[in-house]
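Numbering (our numbering), first residue to last: 2 to 101.
We put the CB at the ideal spot given by N, CA and C, even for glycine.
It should be emphasised that the depicted structure is a prediction, and the values quoted were computed from it without experimental measurement.
Let me begin by presenting the structure, written as structure tokens, before commenting on it.
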Amino acid sequence: MIIDISKQELALLYTKAKEKYNNCINNEDNAFLEEEVPVPFNTIELKEFDIKIVFSQEDTETYVLEIAIGLWDRSNQFIGKYVFIEDDRGNAVDDSLVFF
Numbered sequence: 002m003i004i005d006i007s008k009q010e011l012a013l014l015y016t017k018a019k020e021k022y023n024n025c026i027n028n029e030d031n032a033f034l035e036e037e038v039p040v041p042f043n044t045i046e047l048k049e050f051d052i053k054i055v056f057s058q059e060d061t062e063t064y065v066l067e068i069a070i071g072l073w074d075r076s077n078q079f080i081g082k083y084v085f086i087e088d089d090r091g092n093a094v095d096d097s098l099v100f101f
């Protein structure tokens, strides 16, 4: 199987992941996160990290994309990672937010 993707399509995936990150941190159900993070959310710099294509051995016809955004503080320390996962049709599947 060959998957062809342009730089523009990659940029759109990162843009979508950044929007989902902002939705995540601004969700009322996640208000507790601000107390657990060592820096204010509005000071965190988002950097494009990587995109992985993941296939399942049980279903080789479909895949998911794991779009990762690195989280950095003002002193350029890597403090966490946000991963947005979508299926091969562009539907949101899951996401995760981890601070170190």
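Would residue 70 and residue 87 qualify as a contact pair, given that the criterion is a beta-carbon distance under 8 Å? Using a Cβ distance threshold of 8 Å, residue 70 and residue 87 do not count as a contacting pair.
Are at least three pairs of beta-carbons, each pair with one atom in the segment 28 to 41 and one in the segment 66 to 84, less than 8 Å apart? Touching, yes, given that three or more Cβ pairs across the two stretches are closer than 8 Å.
To which residues of the same chain is residue 99 closer than 6 Å at the C-beta, ignoring the five residues directly before and after it? Listed in chain order, the non-local C-beta contacts of residue 99 below 6 Å within the same chain comprise 81 and 82, local neighbours out to five positions each way being set aside.
Can you give me the Cβ contacts of residue 95 inside the same chain, cut-off strictly under 6 Å, excluding the 5 residues immediately before and after it? 86.
Can you give me the C-alpha to C-alpha distance between residue 16 and residue 59, rounded to a whole angstrom? Answer to the nearest angstrom: the Cα atoms are 30 Å apart.
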